[in-house]
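A.B. asks: My questions all concern the structure below.
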DNA sequence: GTTGACTCTCACATTAGTGTTAGGGTTTAG
DNA sequence: CTAAACCCTAACACTAATGTGAGAGTCAAC
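Following this line, the structure appears as structure tokens:
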């Protein structure tokens, strides 16, 4: 059991409790290759302590609008993979992330503008829905 | 055929061409109850000319982030259903729509802020979680 | 040595809009 | 009459993350 559970590692349930992420999601992250783990000879997953921050980071990236396929391509340092040091790729990855967010904001601003336009048209037109052909 | 195709109506393919919305989507809108049509005795759907603006409006509402279930509950005037006049409900519906968009923008601004914060911190956070058990 | 708490894999459900295909009627033009 | 071009219903696929449950193995404590 000592060689089955490498020292300094935690089980999936433990990781789930500590990170606040469901066991199901963690398994999914691991299956999708955005999270690594050791496997005991009983098949159990054993995660390093760093995985706690990793899964949180993954959920943060998801909340940014990325899917797991995107995240998998990110530099390891950005995913906080253990052993990864700060790397140059992080900056450009974060910059494109920032760009993506800005783009989403722009899209929403455009929708807002269109809505306001529609609203002002409704007030002036009020009943000109008899056109079109 | 003249009584099968009521005058002033168009077929689904025609509506698709004129509105730029796929036949499949139009059928789906009709099935979901956000779009009305007549049925010929051959089972064909016949839409009024106003449906052209209606399906465009539906897609606009979808682009605002609403689903068809939401849209179905909207006042008819907001969905531009034929015969509907301007009504008071439209304004409040549009206002909550506006509020929803503003909320989404706020969320994104927060994410952007968090990202910028992360970017400025990212050197120091790799080894801040050494608490075991 | 048995029970309870874990873990594993596999697989289907959900949400929503849209694409696609199959199999079969209908209309229209030549 | 026939062929092209429409239309119909029904049903499954896709995307993506997560929930849920079955059936089975494992571990720890009493």
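Chains as they are written, first to last, in our numbering: chain G, 1 to 133; chain H, 1001 to 1133.
The C-beta atom is built at its ideal place from N, Cα and C for all residues, glycine as well.
Quick caveat, the model's predicted, so the values are computed rather than measured.
Only counting the same chain, and skipping five residues up and downstream in sequence, which positions put a Cβ closer than 8 Å to that of residue 32 of chain G?
C.D. replies: Here the set comprises 68, 69 and 72.
A.B. asks: Let me know if residue 29 of chain G comes out buried or exposed under the rule of 16 or more other beta-carbons within 10 Å of its beta-carbon.
C.D. replies: Its Cβ being crowded by 16 or more others within 10 Å, residue 29 of chain G is buried.
A.B. asks: Within 10 angstroms of the Cβ of residue 120 of chain G, are there 16 or more other Cβ atoms? Answer buried if so, exposed if not.
C.D. replies: Exposed: under 16 other Cβ atoms inside 10 Å.
A.B. asks: Tell me the residue span of the alpha helix (DSSP H) that contains residue 1025 of chain H.
C.D. replies: Counting along the chain, the alpha helix (DSSP H) containing residue 1025 of chain H begins and ends at 1023 to 1031.
A.B. asks: Could you confirm whether any beta carbon from chain G is found closer than 9 Å to the beta carbon of residue 1015 of chain H?
C.D. replies: No, its Cβ sits nowhere closer than 9 Å to a Cβ of chain G.
A.B. asks: Shorter than 8 Å, the distance from the beta carbon of residue 1022 of chain H to the closest heavy atom of the ligand NAD, or not?
C.D. replies: Although the ligand NAD was asked about, the structure shown includes no ligands whatsoever.
A.B. asks: Using alpha carbons as the reference points, say which of G:55, G:93, G:111 and G:118 lies closest to residue 1091 of chain H.
C.D. replies: The candidate whose alpha carbon is nearest that of residue 1091 of chain H is G:118.
A.B. asks: Counting only Cβ pairs nearer than 7 Å, list the residues of chain H close to residue 59 of chain G.
C.D. replies: Within 7 Å Cβ-Cβ: nothing; residue 59 of chain G doesn't reach chain H, min ~12 Å.
A.B. asks: Taking just the CA atoms, how far does residue 1026 of chain H sit from residue 1018 of chain H?
C.D. replies: So the alpha carbons of these two residues sit roughly 12 Å apart.
A.B. asks: If you measure from the beta carbon of residue 1011 of chain H to each beta carbon in chain G, is any gap under 9 Å?
C.D. replies: Chain G, which has no Cβ nearer than 9 Å to the Cβ of residue 1011 of chain H, makes this no.
A.B. asks: In this structure, how does DSSP classify residue 9 of chain G when only helix, strand and coil are distinguished?
C.D. replies: DSSP places residue 9 of chain G in strand when its eight states are reduced to three.
A.B. asks: Chain G beta carbons: is any one of them nearer than 9 Å to that of residue 1036 of chain H?
C.D. replies: Chain G contact via Cβ: absent.
A.B. asks: I need the straight-line Cα distance from residue 113 of chain G to residue 1064 of chain H, nearest angstrom please.
C.D. replies: When rounded, the distance between both Cα atoms is 12 Å.
A.B. asks: Taking just the CA atoms, how far does residue 1101 of chain H sit from residue 164 of chain G?
C.D. replies: No answer is possible for residue 164 of chain G: the residues shown for chain G start at 1 and end at 133.
A.B. asks: In the DSSP output, what is residue 1044 of chain H paired with across the bridge?
C.D. replies: None, per the DSSP bridge assignment.
A.B. asks: According to DSSP, which residues form a beta bridge with residue 1039 of chain H?
C.D. replies: In DSSP, residue 1039 of chain H forms a bridge with H:1045.
A.B. asks: Within the continuous alpha helix (DSSP H) that includes residue 1034 of chain H, where are the two ends?
C.D. replies: Note, residue 1034 of chain H: premise wrong, no alpha helix (DSSP H); not H, not E.
A.B. asks: So, does the CB of residue 1102 of chain H fall closer than 9 Å to a CB anywhere in chain G?
C.D. replies: Answer yes: the Cβ-Cβ gap between residue 1102 of chain H and chain G drops below 9 Å somewhere.
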